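Novice: Under the working numbering, the letters of the sequence shown match residues 5 to 79, in that order.
If you scroll down you'll find the structure; I have some questions about it.
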Amino acid sequence: SSPRPVGSHLVIDADGSFEGSVSGGCVEGAVIRAARHVIATGERQMLEFGVTDDEAWEVGLACGGQIEVLVVRVE
5 SSPRPVGSHL
15 VIDADGSFEG
25 SVSGGCVEGA
35 VIRAARHVIA
45 TGERQMLEFG
55 VTDDEAWEVG
65 LACGGQIEVL
75 VVRVE
């Protein structure tokens, strides 16, 4: 689960500037790092993030769950 709905977008340029959100801030750093690699190589990536409910509570998140993020270069 995520605070953002399915289909949310995060747009990143080669300088690392970005607009939008795919998770409400939980995984954006990792997605931006992957996106910079995808921009450089053109190779798409499917990222998967997951946390159990117990792990989420330990770090102050409201719930656990799975998030899948497809990272592609747009010309």
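In this text, a Cβ means the ideal position worked out from N, Cα and C, and glycines have one as well.
This structure is a prediction, so every number in the text was calculated from the model and none was measured.
1) Would I43 and F22 be called neighbours here (beta carbons separated by less than 8 Å)?
2) When DSSP builds the beta bridges, which residues end up paired with G24?
3) Where do the ends of the alpha helix (DSSP H) carrying E72 lie?
4) May I ask you to report which of helix, strand or coil DSSP gives G54?
5) For the candidate residues Q49, V10 and E47, whose alpha-carbon lies nearest to that of G28?
Specialist: Taking the geometry as given:
1) Contact annotation: I43 and F22 have beta-carbon atoms that are not nearer than 8 Å.
2) According to DSSP, residue pairing for G24 in a beta bridge involves L14.
3) For E72, no alpha helix (DSSP H) encloses it; the enclosing beta strand (DSSP E) starts and ends at G69 to V75.
4) DSSP places G54 in strand when its eight states are reduced to three.
5) Of the candidates Q49, V10 and E47, the one whose C-alpha sits nearest the C-alpha of G28 is V10.
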